[in-house]
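Here the structure is laid out as structure tokens; the discussion comes afterwards.
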Amino acid sequence: MAKSLLDHAFDYISKSKEQVSFKDLWAYICESAGLSEEESAKKISSFYTNLMLDGRFVTLGENQWDLRSRHTFDKVHIDMKDVYSDVESDINDDSEENDEEEKEYNKAFEENEEVEEDDNSEKSEEDEEEEDR
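Residue numbering for the sequence shown is 0 to 132, as defined by numbering that gives the first Met the number 0.
Set out below in structure tokens:
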């Protein structure tokens, strides 16, 4: 039975003493699995997704990868409170910006209504003058 691409990755990173870049990892996998350039182009995105989801591997930032077993939980754990607080602050920033845009948008309509009212009042004065004649 042929090895999966993730098994090739596990072997390569296990032999390495340090973290490896995704570029080097993918080059090794393509060579060891005998992937052509066309096959490589078709499989790289699904491999990257599978690598992210496989619990044996961990990304260390800057597209560097290593085995999760080599790192403590504290070093590789992402506190979701930090992630969600960033998202909430982005939403709040966006809502303030959206409020400003909405005010500007509505201002244009309010000005338009004022012009229409002025036009209507002028027309009614003209109509009254014509009726008087």
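Ideal Cβ placement from N, Cα and C applies to all residues, glycine included. The structure presented is a predicted model; accordingly, all values stated were derived computationally and were not measured.
Can you list, in chain order, the residues of its chain whose CB lies under 6 Å from that of F46, leaving out five sequence neighbours each side? In the sequence shown, the residue the question calls residue 46 occupies position 47. Excluding sequence neighbours, F46 sits near L4.
Cβ neighbour criterion (16 or more within 10 Å) applied to L52: Indexing the sequence shown from 1 puts residue 52 at position 53. The residue is exposed, with fewer than 16 neighbouring Cβ atoms inside 10 Å.
Just verifying my parser: in three-state terms, what is the DSSP assignment at K58? Within the sequence shown, the letter at position 59 stands for residue 58. It is Thr, not Lys, that sits at residue 58 in the sequence shown. Reduced to three states, the DSSP call for T58 is strand.
Suppose the cutoff is 6 Å on Cβ atoms and the five residues either side in sequence are ignored; what does the same chain contact list for E36 look like? For this step, residue 36 is matched to residue 37 along the sequence shown. The answer is none, since no qualifying residue turns up.
Is the region 55-74 touching the region 12-27, taking contact as three or more C-beta pairs under 8 Å? yes
Are the CB atoms of N62 and F21 nearer to each other than 7 Å? Residue numbering aside, residue 62 sits at position 63 when the sequence shown is read from its first letter. Residue numbering aside, residue 21 sits at position 22 when the sequence shown is read from its first letter. Cβ distance < 7 Å, so N62 and F21 count as in contact.
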